[in-house]
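A short worksheet on the structure shown next.
Residue numbers (the working numbering): 1 to 198.
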């Protein structure tokens, strides 16, 4: 079964170094749009902070990742946060660290350690869960096929949402990606059944 690890819910962490405070947050996310929205919200909420640095990973195979230093010296913030996130083996996660400057410069090594430690604190509080990669399928068929199709879905443990369009029935449901190859051929036995991946 195709599955991936992510965090269950938002968590928060904290680290203090020479007067500078680092507030860290880990969020479960599903898209770059959602990430942008969260970062904008953090900038509004912590508008008086000096920096809001971040790292994120998206995709069941961790195919997209990005980090940002938000004005800190290159590689001292986003990269240490990303390394902590990579260490968890999770995906679909955003980690953001809000820094309030304490008046004393930390140097590049001190900064990297502070961001790494703050990120690790938020991630250490996260409940990691394994999720199965799912597909949303839509099946359209004539009303006369209703009993056959619903019986087939029931045998697979599927709880679909059903709607009616003219003389047609439209059934929508989610199903594990890896098992879809075993399910869809069963519907193709009927010439009047149309299957779409949404």
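Glycine residues also receive a C-beta, built at the ideal position from the N, C-alpha and C atoms. In this text, all values refer to a predicted model and were calculated from it rather than measured experimentally.
- Ranked by Cα distance from residue 24, the options 116, 190 and 47 are led by 116.
- A direct Cα-to-Cα measurement between residue 42 and residue 31 gives close to 17 Å.
- Between residue 69 and residue 97, the alpha-carbon positions lie close to 10 Å from each other.
- DSSP places residue 114 inside the alpha helix (DSSP H), whose first and last residues are 107–124.
- For a cut-off of 8 Å, the C-beta gap from residue 53 to residue 78 is around 5 Å, short enough to register as a contact.
- Around the Cβ of residue 9, a 10 Å sphere holds fewer than 16 other Cβ atoms; the residue is exposed.
- Residue 88 counts as buried, since at least 16 other C-beta atoms from the protein chains shown sit within 10 angstroms of its C-beta.
- The distance from the Cβ of residue 185 to that of residue 167 is about 25 Å, inconsistent with a contact at the 8 Å cut-off.
- For residue 89, there is no enclosing alpha helix (DSSP H), since its DSSP letter is neither H nor E.
- If you draw a straight line from the Cα of residue 99 to the Cα of residue 172, it is about 45 Å long.
- Sixteen is the threshold: since fewer than 16 other Cβ atoms of the shown chains lie within 10 Å of the Cβ of residue 147, the residue is exposed.
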